[in-house]
Amino acid sequence: MEEVKRGSKPDFVLSDDEILRFGTRLCVPNDEDLRRELLEEAHCSKFAIHPGGTKMYKDLRQNYWWSGMKRDIAQFVAQRLVCQQVKAEHQRPVGSLQPLAIPEWKWEHITMDFVIGLPRTLGGNNAIWVIVDRLTKSAHFLPMKVNFSLDRLASLYVKEIVRMHGVPVSIVSDRDPRFTSRFWHSLQKALDTKLSFSTAFHPQTDGQSERVIQVLEDLLRACILDLQGNWDDHLPLVEFAYNNSFQASIGMTPFEALYGRKCQSPICWNDVGERKLLGPELVQLTVEKVALIKERLKAAQSRYKSYADHRRRDLEFEVGDHVFLKVSPMKSVMRFGRKGKLSPRFVGPFEILERVGTLAYKVALPPSLSKVHNVFHISTLRKYIYDSSHVVELEPIQIFEDLTYEEVPVQIVDVMDKVLRHAVVKLVKVQWSNHSIREATWELEEEMREKHPQLFQDSGMSSLED
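Residue numbers (numbering that gives the first Met the number 0): 0 to 465.
Below, the structure written as structure tokens:
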């Protein structure tokens, strides 16, 4: 203060009423409680509603100043429990790419996944079992019913895969209950096949199957539009078209990688025939092609990893750290075309128990999540930043085994007629599960009556339209 009075601090001004300013900005004393109260008012009040650190700093710096102000604001915002649970991350994804080892031979190492939710055909099929060889990229698309028993799935697997290609050395899949069942484990143990599962809720582990499924769905859509009929009628030709098409990662078609040549089709006939199939050089040619495929896959993996890692950042946790777990809401209705706007993005915090491999961690989950596999990829975790003011309560959200939760309407709390230019739209204000009544939203009454008629009976509003 004395230095200001002597004029040795020209940026500071002392007014007649002994108020110190930095330029035109009010200097805030070095009082921790006072600064915290100011920050809470600027961040948590209903006139601010949890702004980010940059916006909050820009707002406060117009009127206030203290040494280290920007740093203190950034730290304060980072520690807010609500912000940690609901704010989206705008940073680069975490975790470098970890490619799977390249197989030594054809159909020794495979991946598999299911495509579900398809229209039921006349034959009763409503799903596809996708099985892909990791070396040649050749695939089989097996039509099936979602409710197939495990015995039926095992029979289909032996009939279509083991019969054609022998017993694989390893299978990579997600944690579908059919793949994690005791029966499936017992079958593969008897066949001496190693099962490898992706980390929880990280489908990129089996990115090959996910990519093939994208191609399969595109081909099926094209068939339905062009040829009409049931999708399972076209599935054999869809499988042929996929296997006879060029794959960039191996530099040839899957059929060529598997059989040494492309298969004959109306537009591919001069590359096949007896001359291509006979001769002692066939075995040597096959071995050379496998070596070529492995070199191309290695180059492709290196290229993909370099590309992906350039857009990712490193992040590590220590045993004993606490983290939030990413969850996804499932709506029972569309809220004016927007889903999940009021839903928390993360739950927790939970303690890190162990590091598993390079990019996965074992997490201590509460009893309500005992059925969830507790090893998670680092991309599904967010570091919890502790603050002594936090009161962390047990999450009231009912989370399913796939880390999703459904938001369903609980009650109608108000009604309103919205007058438009040429019509009057009836709206109802709905309270949702996992949300307080303050977070109730306005929905179309007609839509809510159609999907949730019990709401109007329970609330005594069944005669609302009369």
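From the three backbone atoms N, C-alpha and C, an ideal C-beta is built for every residue, glycine too.
**Q.** Boundaries (first-last residue) of the alpha helix (DSSP H) holding T53
**A.** Looking at the DSSP string, the run of the alpha helix (DSSP H) that includes T53 is G52 to L59.
Q. Is S432 closer than 8 angstroms to V414 when the C-beta atoms are compared?
A. Contact flag unset, no.
Q) So is T110 buried or exposed if we call it buried at 16+ other beta carbons inside 10 Å? A) Counting the other CB atoms within 10 Å of its CB gives T110 a total of 16 or more, which places it among the buried residues.
Q.
When you compare the CB positions of H321 and F349, do they come within less than 8 angstroms of one another, or not?
A. Taking C-beta atoms as the reference points, H321 and F349 count as a pair closer than 8 angstroms.
Q | Unbroken alpha helix (DSSP H) run spanning S185, endpoints | A | Segment R181 to A189, the alpha helix (DSSP H) holding S185.
**Q.** Three or more C-beta pairs below 8 angstroms linking the region 70-77 and the region 30-49
**A.** Yes: the two stretches touch, three or more of their Cβ pairs being nearer than 8 angstroms.
**Q.** 8 angstroms Cβ shell around I127 - same chain, five flanking residues per side excluded
**A.** For I127, where only same-chain residues beyond five positions count, the Cβ hits under 8 angstroms are F113, V114, L117, F140, L141, P142, M143, L215 and L234.
**Q.** Whole-angstrom C-beta distance between I351 and Q83, which should lie under 8 angstroms
**A.** By a beta-carbon distance limit of 8 angstroms, Q83 does not contact I351. Their separation comes to about 16 angstroms.
Q | Pairwise C-alpha distance: L419 and W441 | A | Approximately 16 angstroms, taken between the alpha carbons.
Q. If you draw a straight line from the C-alpha of V27 to the C-alpha of V81, how long is it?
A. Looking at the backbone, the Cα of V27 and that of V81 are separated by about 26 angstroms.
Q. Given E445, which residues of its chain have a CB within under 8 angstroms of its CB, disregarding the five upstream and five downstream residues?
A. The answer, listed in chain order, is K425.
Q. So what's P366 in DSSP terms, helix, strand or just coil?
A. Helix at P366.
(Q) Give me the residue from G123, P365, A189 and V318 with the minimum Cα distance to D231. (A) For D231, the closest of G123, P365, A189 and V318 by C-alpha to C-alpha distance is G123.
Q: Tell me K417's beta-bridge partners as DSSP assigns them.
A: Answer is V424.
(Q) Could you compute how far the alpha carbon of P366 sits from the alpha carbon of K382? (A) Between the alpha carbons of P366 and K382 lies a distance of about 22 angstroms.
**Q.** As assigned by DSSP and simplified to three states, the class of R354
**A.** Reduced to three states, the DSSP call for R354 is strand.
(Q) Once DSSP output is grouped into helix, strand and coil, what is the label at G336? (A) Note that G336 scores a pLDDT of 33, beneath 50, so its modelled location is shaky; the value from the coordinates is reported in the next line. Coil, per DSSP.
Q: Compute the distance between the beta-carbons of L257 and T357, then report whether it is under 8 angstroms.
A: Taking the C-beta atoms as reference points, T357 is found no nearer than 8 angstroms to L257.
Q: Note down, in chain order, each residue of its chain lying with its Cβ closer than 6 angstroms to the Cβ of N242, except the 5 sequence neighbours on either side.
A: S137, P253 and F254.
Q: Buried or exposed for A189, please, with buried defined as at least 16 other CB atoms from any protein chain shown within 10 angstroms of its CB.
A: Exposed is the call here.
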